[in-house]
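Asker: Protein chains in written order, with the UniProt record's numbering: chain A, 1 to 755; chain B, 1 to 755.
Don't be surprised by glycine CBs; every beta carbon is placed ideally from N, CA and C.
Quick caveat: nothing in here was measured; it's all calculated off a predicted structure.
Protein chains: 2
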Amino acid sequence: MRIIRLFQIKVAVIAILLGTVSCGQKTEAVAESQSGSEHPKLILTAQGVKDIRAQLGTIPIFDKTLEAVKAEVDAEIEAGIDVPIPKDYSGGYTHDRHKRNWFVLHKAGLLYQILDDEKYAKFVKDMLMEYEEMYKTLPLHPKTRSYARGKLFWQCLNDSNWLVYVSQAYDCIYNYLSEEERNKLETNLFRPFANHISIDSPQFYQRVHNHSTWGNAAVGMIGLVMDDQELIDRALYGIKDLKLDTEEKDDDGGFLNKDGKAGFLANIEEPFSPDGYYNEGPYYQRYAMYPFLIFAEGLHNVKPELKIFDYKEGVLLKSINALLNLSDADGEFFPLNDGQKGMSYYTGALVTAVDISYHFGDQDPGLLTIAEAQDRVLLDDSGLAVALGIKNNKAEPFNKKSINLSDGPKGTQGGVAILRNEAIELVFKYASQGSSHGHYDKLSYSLYEDGEEILQDYGLARFVNIEQKGGGNYLKENKTWAKQTIAHNTVVQNETSHFNGKYEIGSQHHSVLNYFSSENEKVQVASAKESNAYPGTEMLRTMAVVKDEDFEKPFMLDIMKVTSNKKNKYDFPYYFLGQVLQTNFEYQTPKSLNVLGNKNGYEHLFVEGIAKSPSKNSKLSWLNKGKFYTLTTITNNSDELLFTRIGANDPEFNLRREAAFMLRRKDTKNTLFVSAIEAHGSYSPVTESAVNSNSSIKELKVVLDTSDYTAVEITNVNGNTKLFITSNTNASKEAEHILKINNKNYTWKGSYYYN
Amino acid sequence: MRIIRLFQIKVAVIAILLGTVSCGQKTEAVAESQSGSEHPKLILTAQGVKDIRAQLGTIPIFDKTLEAVKAEVDAEIEAGIDVPIPKDYSGGYTHDRHKRNWFVLHKAGLLYQILDDEKYAKFVKDMLMEYEEMYKTLPLHPKTRSYARGKLFWQCLNDSNWLVYVSQAYDCIYNYLSEEERNKLETNLFRPFANHISIDSPQFYQRVHNHSTWGNAAVGMIGLVMDDQELIDRALYGIKDLKLDTEEKDDDGGFLNKDGKAGFLANIEEPFSPDGYYNEGPYYQRYAMYPFLIFAEGLHNVKPELKIFDYKEGVLLKSINALLNLSDADGEFFPLNDGQKGMSYYTGALVTAVDISYHFGDQDPGLLTIAEAQDRVLLDDSGLAVALGIKNNKAEPFNKKSINLSDGPKGTQGGVAILRNEAIELVFKYASQGSSHGHYDKLSYSLYEDGEEILQDYGLARFVNIEQKGGGNYLKENKTWAKQTIAHNTVVQNETSHFNGKYEIGSQHHSVLNYFSSENEKVQVASAKESNAYPGTEMLRTMAVVKDEDFEKPFMLDIMKVTSNKKNKYDFPYYFLGQVLQTNFEYQTPKSLNVLGNKNGYEHLFVEGIAKSPSKNSKLSWLNKGKFYTLTTITNNSDELLFTRIGANDPEFNLRREAAFMLRRKDTKNTLFVSAIEAHGSYSPVTESAVNSNSSIKELKVVLDTSDYTAVEITNVNGNTKLFITSNTNASKEAEHILKINNKNYTWKGSYYYN
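Listed below in structure tokens is the structure:
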């Protein structure tokens, strides 16, 4: 009961925010909308078609895309229509075929409009009629693994994908069809289809989740095309008057409709921070991006009075900028949470995002450079705008800078900071749990040089759409390894994961920013605190990327200050990639490899080497992809050093056999971990010459550590010493500090000192 | 005594072959040569300088190279001369500085000639004078590890490198110097230098080895510049009247001057087969290429009467073509023997090779395409020829085809076959031992798709020039792992390496070609026999790459027929790279990883998985770099299957942690291993779509196996069956065969049948 009440209040609030109407006034809103008779109107518009036809042949990137799409669709027409009875999981034939069909239908619809060639309309019509014929006979999909089974696909999610694309195809051939044909399709295919993924599947539809966003968009877009206000409302606000069991979970362990929020607007409101950060991380933002933007564009075109692109201070367009900034130098998204590596802004959804952002945003010329790299545009009004921009030489480089992205609907639930300097990128995560796709990785980070990982974030344990690997779905090692804290570059206390690896607890908390500073282009710093991951223990981590004239490249400085109410064992791993070159300590390598532990991810690590640390600094150098790297970390002589390798208890070879170096400090209450990572030099197997293969750091030393300040001296091999002081408490930009260290006074204003 | 006699006979024979003179007639030969007064004459010639100056500014690739070289040398002049007292191993400062100096001297010499700017001549002179000043005071290099210590460097090899380049620089500024200056340099630097690397270091100089080739070229080139016939003769024929202890070995375990052969001509005669294959393999050929070609060019220019490019039927130029064919689709050399991966035709020595081959060969337009990819040319006569060829649009693709390269001075000591079909390349090695850099890898192979390894050859265990890894030299794991048979994709008998891993035995033997067939562009086959690696056991391996319409890509078929006089244990590893996707058998993964064995390389393998094989075919699929692969191998149900990983007993992390799948057959006398490897489909992390991820082979089956024939049926998933029959004995192109299998008669002409 309480849930329903909240839900109704929410709807009213949203309607007011939108400056539109309360629930009771929907009929008037419809009257303000475009006429339903002019098609296409949803994404490609009648005016857009005119403009495109006028420019064809003079807009190279558009013309090229059109040619490729035409070749693809012509080949499909040649091959003939295939609408098989649904049978397979992802990666199987029927899955792949229906997936291909949705793309082909969409593209054929566009070609019909742009080229004015009826063969494309006929192809769309014929295939839709086959779907109509089949759909009305379909039971639930025979594969049972999903929490919400579809009909064409094993999960409603994919059915929704289908409808998002196919509603655009339908819009394109709407006027080509007779009323009778339209009635047939709408009655037997589209409405039942929309109902199945919504009313019949509330556990899928009625919540805040990227799956639901697809569902909402699917229902809304077909609603816009059919001018069906009930579906449009269901899309925007969720299923009316629905009660759900709030304790159910989805396949990934996420809550189903935790708090009654649902519908497209709630899916914008909740997961996006005011900075445009999407709480599940960039991999899922990328996935959700398409329905968010394409439905928004449809709403913008058909229901302009909703002002959807202004909603929540324009967060949809902001989110595109955030997402582009969450990619490395090669355009690959940082694999935060359950992110599959290699996904990049070359994916189709990002073509949509970039084109829409350019067209409906403020025509950022940097986006044109990305569009050029993507080498294709949308075949619609926004793609035309981008093509014209490129043609008119408006493209400028898209410069990614250091950026701090808040998390949470109001931007108050931690965030992600990216520090960039020259080719070095540091991704520091101090966000909230990240929904069901979140990892237990508070204050973790990953480090890149020129798009290559120096210290990796493992990403997810899944081979998306590769049927041989668990049907292409999440593997059990995703939970037992990839989500666990020990799989990340952060501190693990007593071999347990943050929040004991419990989603229910983790999702109640978030880390808190201490400060972020990127004004000084030589020194970029982010600092954040985590107080809930291990009750009774506080972790304050300050990470800097420093460009100093004594160093060839910017180096990373990492200060992790741990304060606890009891003695603990701390493990601090470094997931370096590449070949060990040198250490400044002796280590033993065991004859047989044994596991490091028996739970919380430790059961997946073999121990490959063991050492007692030297008393001041422990150093490890490695070589990866032609670059040298050195970790220098302050140790005491009761610290243990471990070399580990992923792959234990992995009975189906689901995990990559990658290494880590680990610092273990036992029986300690409060402590400080201070490390630097240098990228230096290069090696080419062609010239066989090794350049600057040695570390430039002679010593790292803590010269002060109080509750208010931590100060670290960095002495280079030539004996030059620099001092970094971070403010642990009073860290505002305006704060003025005076501090005496070794009888010398330091005064500065701001969050940190470096000199 | 006997050795000296042979050596003298050899010299006489060579002189006669060359159509020149016997030892006693040298003075006349000199009279035929170019005048010694015209400089430059060695590589860059006076005429070449005129031609280059006339074309400058109109030959883009030459102009661009010149600009880059000028910028580099100008920066060095700006930075000032540094000639430090020798101290370090490779990778250390003094090593790298002297190495850089030789390149800079050479380039500055060229710039002086081409740009006619005295500042470059002065720079060369000043630096040479510093070397003169220092060299006369130098003891042996302080580092003691080499079998032949240099003075500037820790090994004579690098001293020789220096002199090969610096003699060119000296030639360029010869006329700029006063006679007094020349006398000073020649007396205190060049002659003692040449003597140290030859007379004082016969264990380095006086043998057939790539090191000696550098030594010979160094002595010969400075001899040509100084017009010193004694040095020229020493270069061509070795040190006169020298007796060496034939039982000594070098650092790599190779013999020192095994049979008295020495000098540049012997170094052409012995290691090159008539096809141009260099017996140490492409990595060392690449290294030796520069002195071979640059000294040959010098001889061609200064002693044209020697007709050096016609020597041994033009083998030097042929060898360049062979070397280019020993590279993958990306131009990287196959890492046969001790080859470091990543070395490619982008290396400087191959710029020399390509330009010289074009200029002094028959102007193959395919070489121009490689030169374009190299994006630079030699700044001399041959570089000018290439630049003009490119400018005049003569470049055509360099098409690599299937090729069989014989090994041995007469081409009778086995060889290397490369089978190419579309993007698939199979490298099948049935060569001789390959000198001290050889591996115990009889009948081994590696497999590539589009330049990426499918089944790898491990290469060497060394990080060339990376000081932190054993001074950049061979690591002990090179011997204990990389050279061992188990490190290769071939059969291991009773856990021992071929020839018991003994170089003395291995270097007496070679495998023997059964047949090579590349006429049919759909079916390429190589077949060879090894009878000595395991006394009493004969191995006949037939490898085919087959393009069949039932398969997406060409597949590999591998038939290894083992005949023995006793029961043995056979291990048959497949060094696949990538992630295991699927098997058709159950396997167990141990909780702890133990080593597979205790010697012959087995001590470096951990066992990661164990299975009993199914009764007909065992299948393993994996994913690597976005491509799918499947191995299908015929097994019986007493075979064992193992997953192994490299890295055991590797106390300094010198080895890469890479996997293998291994078939183990125990207690068996004669046996047959039949396997197919398919490359199929693709996966993109951007589209997340998995295409053709399953094997197309339903079954492999042996339908006949006699001493004369082996016949294998390949049935694909649609039930289509093809038959491959290989002739084990009478395998000539002309042989006619009639064979009854399962009551059906097969008749064919040639080495194999496929249909």
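#1: Could you say if the segment 574-585 of chain B and the segment 536-549 of chain B meet the contact criterion of at least three C-beta pairs nearer than 8 Å?
#2: Counting along the chain, where does the beta strand (DSSP E) carrying A:V623 start and finish?
#3: Mapping DSSP to helix, strand and coil, what is A:W102?
#4: Counting only beta-carbon atoms, is A:T347 nearer than 8 Å to chain B?
#5: At the level of alpha carbons, what is the spacing between A:H488 and B:R145?
#6: List the residues of chain A that B:G471 touches, going by C-beta distances under 7 Å, in chain order.
#7: Within the chosen definition, does the segment 119-131 of chain B reach the segment 98-111 of chain B through at least 3 CB pairs nearer than 8 Å?
#8: Counting contacts by CB-CB distance shorter than 8 Å, is A:F585 in contact with chain B?
#9: My output table needs one value for B:F190: the three-state DSSP class, helix, strand or coil.
#10: Tell me the start and end of each unbroken beta strand (DSSP E) in the segment 49-116 of chain B that is at least 3 residues and wholly inside, in chain order.
#11: Between the C-alpha atoms of residue 761 of chain B and B:F398, what's the straight-line distance to the nearest angstrom?
#12: List, in chain order, every chain A residue whose beta-carbon is nearer than 8 Å to that of B:R376.
#13: With a cut-off of 8 Å on the beta carbons, I'd call B:L443 and B:T490 a contact; round off their distance for me.
#14: Can you find the residues in the same chain that come closer than 7 Å, C-beta to C-beta, to B:E38, ignoring five residues on each side of it along the sequence?
#15: Can you tell me the Cα-Cα spacing of A:F193 and A:D338, whole angstroms?
#16: Taking 7 Å as the limit between beta carbons, can you name the residues of its chain near B:V607, skipping five residues before and five after?
#17: Could you confirm whether any beta carbon from chain A is found closer than 8 Å to the beta carbon of B:N465?
#18: Need the endpoints of the beta strand (DSSP E) that A:Q468 sits in, please.
#19: Which same chain residues, not among the five before or five after A:K701, have their C-beta less than 6 Å away from its C-beta?
#20: Please list, in chain order, the chain A residues whose beta carbon lies closer than 8 Å to that of B:N188.
#21: Under a three-way DSSP split, which group does A:P40 fall into?
#22: Considering only their Cβ atoms, is the gap separating A:K41 from A:D171 smaller than 8 Å?
#23: Express the C-alpha separation of A:I43 and A:D580 in angstroms, rounding to a whole number.
#24: Closer than 8 Å, Cβ to Cβ, to anything on chain A: give me those residues from the segment 628-662 of chain B, in chain order.
#25: Provide the residue span of the alpha helix (DSSP H) that contains A:F673, from first to last.
#26: So, for A:K733: in the same chain, excluding its five sequence neighbours on each side, which residues have a beta-carbon less than 6 Å away from its beta-carbon?
#27: State the CB to CB distance for the pair B:K312 and B:E270, rounded to an integer number of angstroms; the pair is presumed to be in contact (CB under 8 Å).
#28: Taking the alpha-carbon positions, what's the A:R376 to A:V351 distance?
#29: Which of the three DSSP states, helix, strand or coil, is assigned to B:A179?
#30: Can you tell me whether B:T710 is buried or exposed, with buried defined as 16 or more other CB within 10 angstroms of its CB?
#31: Using a Cβ-Cβ cut-off of 7 Å (strictly less than) and excluding sequence neighbours within five positions of A:V315, which residues of its own chain qualify?
#32: When you compare the CB positions of A:Y135 and A:N101, do they come within less than 8 Å of one another, or not?
#33: Give a yes or no on contact between the segment 503-520 of chain A and the segment 668-678 of chain A, applying the rule of three or more CB pairs nearer than 8 Å.
#34: Which runs of the alpha helix (DSSP H) spanning at least 4 residues fall entirely within the segment 126-178 of chain A, listed in chain order?
#35: Specify the secondary structure class of A:V21 as computed by DSSP and reduced to three states.
#36: Which ranges does the beta strand (DSSP E) cover as unbroken runs of at least 3 residues, wholly within the segment 565-617 of chain B, from first to last along the chain?
Answerer: In short:
#1: No contact exists between the segment 574-585 of chain B and the segment 536-549 of chain B.
#2: Walking along the first sequence from the start, residue 623 of chain A turns up at place 623. Reading off the sequence shown, one finds Leu at residue 623 of chain A, where the question assumed Val. Start and end: 617-624.
#3: Along the first sequence, read from residue 1 onward, the residue named residue 102 of chain A stands at position 102. DSSP places A:W102 in helix when its eight states are reduced to three.
#4: Numbered from 1 along the first sequence, position 347 holds the residue referred to as residue 347 of chain A. At least one chain B Cβ lies under 8 Å of A:T347.
#5: The sequence position of residue 488 of chain A within the first sequence is 488, counting from 1. The sequence position of residue 145 of chain B within the second sequence is 145, counting from 1. Taking the straight line from one Cα to the other gives about 43 Å.
#6: Position 471 of the second sequence, counted from the start, is the residue given in the question as residue 471 of chain B. Those within 7 Å of B:G471 in chain A number zero; the least Cβ separation is about 11 Å.
#7: Taking a contact to require three or more Cβ pairs closer than 8 Å, the segment 119-131 of chain B and the segment 98-111 of chain B qualify as touching.
#8: Mapped onto the first sequence, residue 585 of chain A falls at position 585. No, no contact with chain B.
#9: As a first step, residue 190 of chain B must be located in the second sequence, where it is residue number 190. If DSSP states are grouped into helix, strand and coil, B:F190 belongs with the helices.
#10: Complete beta strand (DSSP E) runs here, min 3: none at all.
#11: This structure leaves residue 761 of chain B out entirely; chain B is present only between 1 and 755.
#12: Here residue 376 of chain B corresponds to residue number 376 of the second sequence, with the count starting at 1. From the beta-carbon of B:R376, no residue of chain A is found nearer than 8 Å; the closest lies around 13 Å away.
#13: Mapped onto the second sequence, residue 443 of chain B falls at position 443. Mapped onto the second sequence, residue 490 of chain B falls at position 490. Indeed, because the Cβ distance is near 5 Å, the residues count as touching under 8 Å.
#14: Stepping through the second sequence from its first residue, residue 38 of chain B is reached at position 38. If we look at B:E38 and ignore the five residues flanking it on each side, its Cβ neighbours are A46.
#15: To locate residue 193 of chain A, count along the first sequence from 1; it is residue 193. To locate residue 338 of chain A, count along the first sequence from 1; it is residue 338. Whole-angstrom Cα-Cα distance: 29 Å.
#16: Residue 607 of chain B sits at position 607 when you count from the first residue of the second sequence. Leaving aside the five residues that flank B:V607 on each side, the residues in its chain whose CB is nearer than 7 Å to its CB run, in chain order, P590, L593, N594, L596, L642, T644.
#17: Translated into the one-based positions of the second sequence, residue 465 of chain B becomes position 465. Yes, B:N465 lies at the interface with chain A (some Cβ there is under 8 Å from its Cβ).
#18: On the first sequence, residue 468 of chain A is found 468 positions in, with the first residue counted as 1. A:Q468 -> no beta strand (DSSP E), and no H or E assigned at all.
#19: Taking the first residue of the first sequence as 1, we reach residue 701 of chain A at position 701. Taken in chain order, the residues that qualify are E713.
#20: The residue given as residue 188 of chain B occupies position 188 in the second sequence. Those do not exist, as B:N188 stays about 30 Å from chain A at its closest Cβ, beyond 8 Å.
#21: Within the first sequence, residue 40 of chain A is the residue found at index 40, counting from 1. Residue state, collapsed to three classes: coil.
#22: Within the first sequence, the letter at position 171 stands for residue 171 of chain A. Within the first sequence, the letter at position 41 stands for residue 41 of chain A. Cβ atoms of A:D171 and A:K41: closer than 8 Å.
#23: Within the first sequence, numbered from 1, the residue matching residue 580 of chain A stands at position 580. Within the first sequence, numbered from 1, the residue matching residue 43 of chain A stands at position 43. At residue 580 of chain A the sequence reads Val, which differs from the Asp that was named. Straight-line spacing of the CA atoms in A:V580 and A:I43 works out to 53 Å.
#24: Taking a C-beta cut-off of 8 Å against chain A, the contacting residues of the segment 628-662 of chain B are F643, R645, G647, A648, N649, D650, P651, E652, F653, R656, R657, A659, listed in chain order.
#25: Within the first sequence, the letter at position 673 stands for residue 673 of chain A. Taken as a continuous stretch (DSSP letters only), A:F673 belongs to no alpha helix (DSSP H), being part of the beta strand (DSSP E) at 671-680.
#26: Walking along the first sequence from the start, residue 733 of chain A turns up at place 733. Within the same chain, A:K733 has close Cβ partners G750.
#27: As a first step, residue 312 of chain B must be located in the second sequence, where it is residue number 312. As a first step, residue 270 of chain B must be located in the second sequence, where it is residue number 270. Between B:K312 and B:E270, the beta carbon gap of about 10 Å keeps them out of contact (Cβ cut-off 8 Å).
#28: The count along the first sequence starts at 1 and reaches residue 376 of chain A at position 376. The count along the first sequence starts at 1 and reaches residue 351 of chain A at position 351. For the pair A:R376 and A:V351, the Cα-to-Cα distance works out to about 7 Å.
#29: The residue given as residue 179 of chain B occupies position 179 in the second sequence. For clarity, residue 179 of chain B is Glu in the given sequence; the question names Ala instead. In this structure, B:E179 counts as helix in the three-state DSSP scheme.
#30: The count along the second sequence starts at 1 and reaches residue 710 of chain B at position 710. Its Cβ being crowded by 16 or more others within 10 Å, B:T710 is buried.
#31: As a working note, residue 315 of chain A is residue 315 in the first sequence. So the list reads I268, F272, P274, G276, once near-sequence residues are dropped.
#32: Along the first sequence, read from residue 1 onward, the residue named residue 135 of chain A stands at position 135. Along the first sequence, read from residue 1 onward, the residue named residue 101 of chain A stands at position 101. Their beta carbons are not under 8 Å apart, which means A:Y135 does not touch A:N101 by this criterion.
#33: Result no; under three Cβ-Cβ pairs closer than 8 Å.
#34: You should have 156-173.
#35: In the first sequence, counting from the first residue as 1, residue 21 of chain A sits at position 21. Residue confidence for A:V21 is low, a pLDDT of 36 falling below 50, so the modelled location carries little weight; the figure read from the coordinates is stated next. Note: A:V21 maps to coil in three-state DSSP.
#36: Fully enclosed beta strand (DSSP E) runs of 3 or longer: 568-574, 579-583, 605-612.
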